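Each number in my numbering comes from the position in the sequence shown (counting from 1) with 149 added on.
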Amino acid sequence: MLRNPEIKKFMIIQLLVCLVFVLISSLMNAVAGWMVLIVTIILNALFFGFTFLRYRKIKELVMYINRISNGEFRLDVRDNKEGELSILKNEIYKVTEKLTEYNQRLQQEKLYLSQSLADISHQLKTPLTSMIIMCEILNDPDLPQDKRKEFVSQIIVQLERIDWLVSTLLKMSRLDAGVVTMKKMDIYVSDLVEKAKSALIAPMESKEIELVTQFASEDKLKCDFNWTCEAVINILKNCIEHTPQKGRIEIDYSDNPLYHELTIKDNGAGISKKDLPHIFTRFYRGENASAESTGIGLAMAKSIINAQHGNIIVESQKNKGCKFMIRLYKTVV
């Protein structure tokens, strides 16, 4: 307290004023002089006592702020009494709570980033290693022409896989950053399904999968056509991967006052109870995941639908197929 130059100046002025009053009262009357001196001492003692307590509280706040700067966030200094210092304590507490929340969020984001980088590295490393080995084999001048063609086609497949992975990750990063603007408009369900189907004709034909659609040609829903198509493609791709040879996939559409619902159902191996809560987790691969699965297709589909204030609900039992329900709500509250 005494290190504060303002307090020192105030004390000197106060003592001089008190001394002047004591001298004047003493000249007028000795008893009055003593009484003024005693009252002055008491008032000064009370003033300096209260000032000392106030500065001690301020010192505690300074020490608390220093602890915050050192990372000690879990300190509760809430004071619900009246007064400026109590208000200051409450404001510091609020700021501390926000800093704690931001710090926890930052730690979670750092952990997520490190895990994502490790997963991306793994996803890229596998096809790259495979291509390096095949390129080394292709350097052999005695390699038969049919084998050479086989390895070249395999390299093309791996390159397409890497291209899809990088493209999907870029799209997901845009969705995460919130820079994607969803252009909602009325579209025909048939157009949406037809475009998604055309992107997956090759894998469906290779497995001889029957695609059955149950909706009217005039059925419409309100969404961003291209992004929603991307979500449907990823869900269909997942269904194709888990549907057996000569299997069946059904696409239904329904409408009610609350939402549009597009249902995609397969008769594949289904999803186990253990895997079901994690199927939308990025890079998660369940026990029935195919070798080509990257674990980001369904995560991206959910991000796209969520960005349109929708939701994806999954119902599945092991060995009884899987049912994805895409719900796009008509009114967002």
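In this text, a Cβ means the ideal position worked out from N, Cα and C, and glycines have one as well. Being a predicted model, the structure only gives us computed values, none of them experimental.
Please state if the CB of residue j and the CB of residue i are separated by a distance shorter than 7 Å.
| i | j | result |
| --- | --- | --- |
| Leu324 | Ala448 | no |
| Phe364 | Ile336 | no |
| Gln394 | Lys356 | yes |
| Ile400 | Ile384 | no |
| Val180 | Phe170 | no |
| Gln307 | Ser279 | yes |
| Lys206 | Leu237 | no |
| Lys451 | Ile461 | yes |
In chain order, what residues of the same chain lie with their CB nearer than 7 Å to the CB of residue i, ignoring the 5 residues before and after it?
| i | result |
| --- | --- |
| Leu287 | Arg297 and Phe300 |
| Leu407 | Tyr478 and Lys479 |
| Phe429 | Leu447, Ala448 and Lys451 |
| Leu349 | Ile382, Leu385, Lys386 and Ile389 |
| Thr317 | Ile445 and Met449 |
Leaving out five residues before and five after residue i in sequence, what residues of the same chain have Cβ atoms less than 8 Å from its Cβ?
| i | result |
| --- | --- |
| Asp404 | Asp368, Leu370 and Glu410 |
| Trp376 | Val329, Met331, Ile453, Ala456 and Gln457 |
| Leu487 | The requested residue 487 is not part of the displayed model; the chain covers only 150 to 482. |
Mind reading off the beta-carbon distance from residue i to residue j? Whole number of angstroms is fine, and I expect it under 8 Å.
| i | j | result |
| --- | --- | --- |
| Ile389 | Ile420 | Their Cβ separation, rounded to whole angstroms, is 15 Å, which puts Ile389 and Ile420 out of contact at 8 Å. |
| Val315 | Leu341 | The pair is not a contact, with the Cβ atoms about 25 Å apart (cut-off 8 Å). |
| Leu210 | Ile241 | 7 Å |
| Cys372 | Leu477 | 5 Å |
| Val338 | Tyr402 | 5 Å |
| Thr245 | Ile217 | 6 Å |
Please classify residue i: does DSSP put it in a helix, a strand, or coil?
| i | result |
| --- | --- |
| Gly459 | strand |
| Asp484 | In the structure as shown, the chain begins at 150 and stops at 482. Residue 484 is therefore absent and cannot be evaluated. |
| Asp415 | strand |
| Phe473 | strand |
| Leu360 | strand |
| Asp335 | strand |
| Ser421 | coil |
| Lys371 | strand |
| Tyr408 | strand |
| Ser465 | strand |
| Tyr261 | helix |
| Tyr93 | Past the boundaries of the shown model lies residue 93; the chain is included only from 150 to 482, so the question cannot be answered. |
What does a CB cutoff of less than 6 Å around residue i pick up in its chain, not counting 5 residues either side in sequence?
| i | result |
| --- | --- |
| Leu319 | none |
| Arg431 | Ile445 and Ala448 |
| Gly470 | Asp415, Asn416, Gly417 and Gly419 |
| Ile311 | Pro276 |
| Cys167 | Thr189 |
| Ser366 | Ser339 |
| Arg397 | Glu359 and Asn416 |
| Pro352 | Ile389 |
Between the region 281 to 301 and the region 413 to 429, do three or more beta carbon pairs fall short of 8 Å?
-> The count of Cβ pairs closer than 8 Å, one atom from the region 281 to 301 and one from the region 413 to 429, stays below three, leaving the stretches out of contact.
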